[in-house]
Structures are given as C-alpha cells and as structure tokens.
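Take a look at the structure set out below.
Protein chains in written order, with our numbering: chain B, 1 to 204; chain C, 1001 to 1325.
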C-alpha cells in the first residue's frame, strides 16, 4: 500500500515536471503558436517637460518591449543611461542626481492591454493599458490610454502619459528647482515584429 | 506515515512555482540583453581640484570659462587684519577657456598673472595652451578599473626681459620663455561619493635661477568626497622631487625652504557652474610655479583664500534639430 502511494506521489511530481511548458522536451503543437508574442528591440521613448529657462527633453530608441497578442500582456524596459539630452551636462545630472542610474539602471513596465482587440485586421485601435511602472526603484500603478495600430500586418503601439516625479521619489536639488517641472510628459512608440529567437526555449 | 507527509510536502513545494509561471513573464524575453561596459559618471565635477588637474575632460562641444584666484597670506607676517586676511593682496589670477573637441579630448587657452615668490621673483604675464586626452575611462562594471588621462600644458612667459644676472628673467632667446608640464591623471571613482587620483608629473622650465632644476619630477594626489548631491570636499597634495643639493643651496644662500603645495577646498556644483572655495599654501595657480617654487608654509600662516569658478556653455546645436515634439 505504501509502495503504491509512493509511486502515485512520485508520478504526481515527475509528470508535471516533465510536461512543464518550460521543459525543453515538451513542445506543444496544438497550443497557441509562439507568434502570439511580438517584440520590439528599438522602442522609442522620449520625455518632455516645459521649464522657464529651458525645456527639458530627452529620448532613446533603445527601449525593449514585448506584447502578447493573445492575452494582452505588455512589457517595456529601458536603460536609464540610454536617454540622450541635448546638453550632455544635463544628461549627467539626470543620471547622477535625479535617476541615480547607477543604483536603478532600468525603468520597467509590466502590465496588460485591457480588452485586447483582434489585431488580424488593419486599423487603429484605441485601448487602455494598465500596469505597474517602476522608475527610480519605485513602482506605481498606471492606467493610460494608448493606440495600437495594425498596418500591413505590422503592429505598433503609441502612448502619451504624465509621470509625476514625486510619485517615484525623484528629488530635484533645490538649486535646480526652477529649471525642472514637477511632472514630465512621456511618449512611447514601439513597432513590433514576431520574435524569431523565441522559437527555441522561451516558452509559450 | 511520516514518510507520507514528507512526500506531500515535497509535492506542494514543487507545485507552488507553477502557479506563478502559468502567466508568462515577458520580461524573461530580454533577460539576455545586458548593458555594455558603461563609463562611470562624474568621477570629478570640475577640471581641477585645488591645485591639481582632474581626469575630467569636457563633453564634446562644451565650452568652459574659468576664473581662478589666489589671495595673499591669510595669517603670518604678511596677513592678518591689516590685509583683511589676505583679501587685499592678490597673488595670482587666471582667466581661461577650455573646449571639448571630443568627449575624450579637451583643449584650453588662458592667461595667468604669475605669482613670483622668494626664489622666482620675475616670471609674470603667463599665457598657456593645454591639452587633456582621456586614454581610459573607468567602467561601472569594473571592466576598466580606473580612468587615465594625459594632461599637457605649455606656458609662455611674456614678461619683459630684465638684465639681472643669475635670474630667471634674463631671457637670452625666445625659447627661454617656455615652460611645460606633462601629467598622467590616474583616477578612480571608489564609490558614489568618493573619487581619488594620483598624478605623476614631469615639469620642464627653460630658464631658471642657478641651482633651480630645469627638469623636475613630482607626484600629486588628490580626492573628492561628496557631502551631498551638490557639494563636495576636495583636497590635494603635490610632492616635488627636488634634489638635496638644490634645497640646501636655497636654504643657505637665501634662507628659503620649499614646501609641498597642499590644498583643501569646498566644491559647489549647480547646473553649469562649479565653484571652489579653497585654501592652499601655494601662491600660484600654474604647475610651473606652484610645484617647484612654493616657499610658503601652512604652519606659518602662509596659506590663502582662493576660488575657482567655471561656467559650462553647450555649443552643440546639431542634436537639437533632431528632436521630435
């Protein structure tokens, strides 16, 4: 009896392990295709803040993003050091003083497209995106409007939203206060393609 | 039965992670995209500490305007209340510009009053050209553990020739008016708030007084310690390697002692400006004078107020046109 129980228990451990989606040997064929996951390795992110002396603007095209078209889950990640400013001195201050990018090298968004539209047809789809944005090591929930665009089967996304510096504990030294607004407008653009690398073992 | 519970425990442990993985984590797609060797930011904020240069080069197409100042002795026989602690007596003034040709190469030009003292009485009206090239840049991941820059300054002494024998103002030819210094700036940012550097120095002066060497080696060291985001403590020290025969000559003939220049200062950085309020026993600002010929001593009250202020102007316009609103 104990031997039987043990064998049942062994199988109940071994089988889920063997057939877990992350297992190299387990390749579902009937499951949703991997093509559900679209990625972008050169997403463009810029931010803008009007200021009395000089507007503050920076941009990067080195952000990465992934979109699961089946369930709407969405991911963005950007290295803070990749933002470029017109004034390199401002860029140095941005990294060293405001963002502390040695300590918090990335900003990250993990969330979902609410009510994911069917992207099989060309068109513009206004959507709401909800999720957690982590900047400067501080996470906050956002729900922002965005647009998904399908053109010639290529999916791209666009969103504009406001980030309050205080929400992410970004402190501006008093000597610079007059230069910098308390919130910045962030613009995100990503053009997605099917992730060819994901075919190997990235899971479904 | 005990074995049975153990198995149940193992199963629960094994199954738990699966619940989380059912929702795929898209962040795993980019787990392999790690950053390249990023250079560390702002090992030093200014291009100088108190007396020494730092390893900092300007950003490309930035223009730096520099004003440096050394007052008279704070205390001692030449200082105190009668000179308002040295404020009435200006020992050296420097005005200069530096320009970032690239992120690694900075060129400079400037004019310095020159601060003659006990052993070098006449060399004033100095004009200089500088070049600083960054050979290595410390990276955040430790791939390059330090920053190495090479700094060169050529100094032209414009003071009118005086026919004083055995002096350093009796220029016989044009070439006698030149001095030069060459320094390696080996710096490391040890932590977010502490950076230090070592500065091996070679100095050449075409015309010196007898027994004052034309060539001199020196070793400098300095650090910057951040107090907060805007302010830092800076300090430096230079040990010149003058031979004993020369030191003894000045001691016996003129009762002059040489002291290593020591500086300590307070650095304030605002966007674009770097201010230094500093104290040093060196009377002069340029290497050809303060390294070999500092005869003023901290212990005799012969230290002085000094300040150094710089303003950065961004001249690059190209990038601005590419902005998308």
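By construction, the Cβ of each residue, glycine as well, lies at the ideal position given by its N, Cα and C atoms.
Task: Residues of the stretch 1124–1135 of chain C whose Cβ lies closer than 7 angstroms to any Cβ of chain B, in chain order - done: Answer set for the stretch 1124–1135 of chain C: empty.
Task: Beta carbon proximity, residue 1062 of chain C to chain B, threshold 8 angstroms - done: At least one chain B Cβ lies under 8 angstroms of residue 1062 of chain C.
- [ ] Can you grab the Cα-Cα spacing for the pair residue 1315 of chain C / residue 1261 of chain C, in whole Å?
- [x] Rounded to the nearest whole angstrom, the CA to CA distance from residue 1315 of chain C to residue 1261 of chain C is 35 angstroms.
Task: CB contact below 8 angstroms: residue 104 of chain B versus chain C - done: For residue 104 of chain B, the answer is no, since every Cβ of chain C falls outside 8 angstroms of its Cβ.
TODO: Name, going along the chain, the residues of the stretch 1035–1046 of chain C whose beta-carbon falls closer than 7 angstroms to a beta-carbon of chain B.
DONE: Answer in chain order: 1035, 1038, 1041 and 1042.
Task: Exposed unless 16 or more other CB atoms sit within 10 angstroms - verdict on residue 1053 of chain C - done: By the neighbour-count rule (16 or more Cβ atoms within 10 Å), residue 1053 of chain C is buried.
Open item on the list: With H, G and I counted as helix, E and B as strand and the rest as coil, what does DSSP make of residue 81 of chain B?
Closed with: Residue 81 of chain B carries a helical assignment under DSSP once its states are collapsed to helix, strand and coil.
- [ ] Quick one: which residues of the stretch 1093–1118 of chain C get their C-beta closer than 7 angstroms to a C-beta of chain B? List them in chain order.
- [x] Residues of the stretch 1093–1118 of chain C that bring their beta carbon within less than 7 angstroms of a beta carbon in chain B are absent altogether.
- [ ] Return no unless some Cβ of chain B is closer than 8 angstroms to the Cβ of residue 1059 of chain C.
- [x] True, the Cβ-Cβ gap to chain B drops below 8 angstroms.
Task: Contact set between the stretch 66–89 of chain B and chain C, restricted to residues whose Cβ is under 9 angstroms from the partner - done: Hits within the stretch, in order: 66, 67, 68, 71, 73, 74, 75, 77, 79, 81, 82, 84, 85, 86, 87, 88 and 89.
Task: CB of residue 172 of chain B within 8 angstroms of CB of residue 162 of chain B, strictly - done: Contact flag unset, no.
Task: CA-to-CA distance, residue 1158 of chain C to residue 1120 of chain C, given in whole angstroms - done: Between the C-alpha atoms of residue 1120 of chain C and residue 1158 of chain C there is a straight-line separation of about 15 angstroms.
- [ ] Leaving out five residues on either side along the sequence, give the residues of the same chain with a beta carbon under 8 angstroms from the beta carbon of residue 1196 of chain C.
- [x] Around residue 1196 of chain C: 1187, 1188, 1190, 1221, 1222, 1223 and 1224.
- [ ] Note down, in chain order, every chain C residue with its Cβ under 9 angstroms from the Cβ of residue 113 of chain B.
- [x] Neighbours of residue 113 of chain B on chain C: none; closest Cβ ~12 angstroms, over 9 angstroms.
Open item on the list: Quick check on residue 30 of chain B - is its C-beta less than 8 angstroms from some C-beta in chain C?
Closed with: For residue 30 of chain B, the predicted model reports a pLDDT of 39, less than 50, meaning its position is unreliable; a value from the coordinates is still stated below. For residue 30 of chain B, no Cβ of chain C is located within less than 8 angstroms of the residue's own Cβ.
Open item on the list: I want to see whether chain C comes within less than 8 angstroms of residue 185 of chain B, judged by CB atoms only; does it?
Closed with: Answer no: the Cβ-Cβ gap between residue 185 of chain B and chain C never drops below 8 angstroms.
Task: Backbone CA spacing between residue 1185 of chain C and residue 1237 of chain C [nearest angstrom] - done: The C-alpha of residue 1237 of chain C is placed about 14 angstroms away from the C-alpha of residue 1185 of chain C.
Open item on the list: List, in chain order, every chain B residue whose beta-carbon is nearer than 9 angstroms to that of residue 1314 of chain C.
Closed with: What residue 1314 of chain C touches in chain B: 86, 87, 88, 89 and 90.
- [ ] Identify the continuous alpha helix (DSSP H) that holds residue 88 of chain B and give its terminal residues.
- [x] Run containing residue 88 of chain B: 88–93, per the alpha helix (DSSP H) assignment.
- [ ] Take every Cβ of the stretch 1209–1216 of chain C, pair it with every Cβ of the stretch 1117–1137 of chain C, and state whether three or more of those distances are shorter than 8 angstroms.
- [x] By the Cβ test, the stretch 1209–1216 of chain C is in contact with the stretch 1117–1137 of chain C, since at least three Cβ pairs between them sit closer than 8 angstroms.
Task: Supposed contact pair residue 1286 of chain C and residue 1067 of chain C - C-beta distance, whole angstroms, cut 8 angstroms - done: Their Cβ separation, rounded to whole angstroms, is 14 angstroms, which puts residue 1067 of chain C and residue 1286 of chain C out of contact at 8 angstroms.
Open item on the list: Using only the alpha-carbon positions, how far apart do residue 100 of chain B and residue 94 of chain B sit?
Closed with: Each residue's Cα considered, the two are about 8 angstroms apart.
Open item on the list: If you reduce the DSSP assignment to three classes, tell me which class residue 1103 of chain C lands in.
Closed with: Three-state DSSP puts residue 1103 of chain C in coil, outside helix and strand.
Open item on the list: Which residues in chain C have a C-beta closer than 7 angstroms to the C-beta of residue 96 of chain B? List them in chain order.
Closed with: Per Cβ cutoff of 7 angstroms: 1041 and 1042.
- [ ] List in chain order: all unbroken alpha helix (DSSP H) runs of 4+ residues lying wholly within the stretch 1190–1236 of chain C.
- [x] As far as the stretch 1190–1236 of chain C is concerned, it has no whole alpha helix (DSSP H) run of at least 4 residues.
Open item on the list: What does the alpha-carbon distance come out to for the pair residue 1328 of chain C and residue 1149 of chain C?
Closed with: Outside the displayed span of chain C (1001 to 1325) sits residue 1328 of chain C, for which this structure offers no information.
Open item on the list: Less than 8 angstroms between C-beta atoms, sequence neighbours within five positions excluded: which residues of the same chain meet that for residue 1174 of chain C?
Closed with: Take residue 1174 of chain C, set aside five residues on each side of it, and no residue of its chain has a beta-carbon closer than 8 angstroms to its own.
- [ ] Quickly, what does DSSP pair residue 134 of chain B with across the bridge? List them, please.
- [x] Residue 134 of chain B is bridged to B:108 and B:139.
Open item on the list: Give me, in chain order, the residues of the same chain whose beta-carbon lies closer than 6 angstroms to that of residue 1249 of chain C; leave out the 5 immediate sequence neighbours on both sides.
Closed with: Close CB contacts of residue 1249 of chain C within its chain, under the 6 angstroms cut and outside five residues either way in sequence, are with 1211 (chain order).
- [ ] Can you grab the Cα-Cα spacing for the pair residue 129 of chain B / residue 1031 of chain C, in whole Å?
- [x] Those two C-alpha atoms are separated by around 23 angstroms.
Task: CB contact below 8 angstroms: residue 61 of chain B versus chain C - done: Chain C contact via Cβ: absent.
- [ ] With DSSP as the reference, label residue 1109 of chain C as helix, strand or coil.
- [x] In the three-state reduction of the DSSP assignment, residue 1109 of chain C falls in the strand class, which pools E and B.
Task: Residue of B:134, B:63, B:126 and B:188 minimising C-alpha distance to residue 168 of chain B - done: The shortest C-alpha separation from residue 168 of chain B is found at B:134.
- [ ] Could you name the residues of the same chain whose beta carbon sits closer than 6 angstroms to that of residue 1300 of chain C, not counting the 5 residues immediately before and after it, in chain order?
- [x] Taking C-beta separations shorter than 6 angstroms and ignoring five residues to either side along the sequence, the partners of residue 1300 of chain C in its chain run 1076, following chain order.
- [ ] Alpha carbon to alpha carbon, how far is residue 1201 of chain C from residue 1105 of chain C? Give it in angstroms, no decimals.
- [x] Straight-line Cα distance between these residues: approximately 19 angstroms.
- [ ] Return no unless some Cβ of chain C is closer than 8 angstroms to the Cβ of residue 144 of chain B.
- [x] By the rule that beta-carbons nearer than 8 angstroms mark a contact, residue 144 of chain B does not touch chain C.
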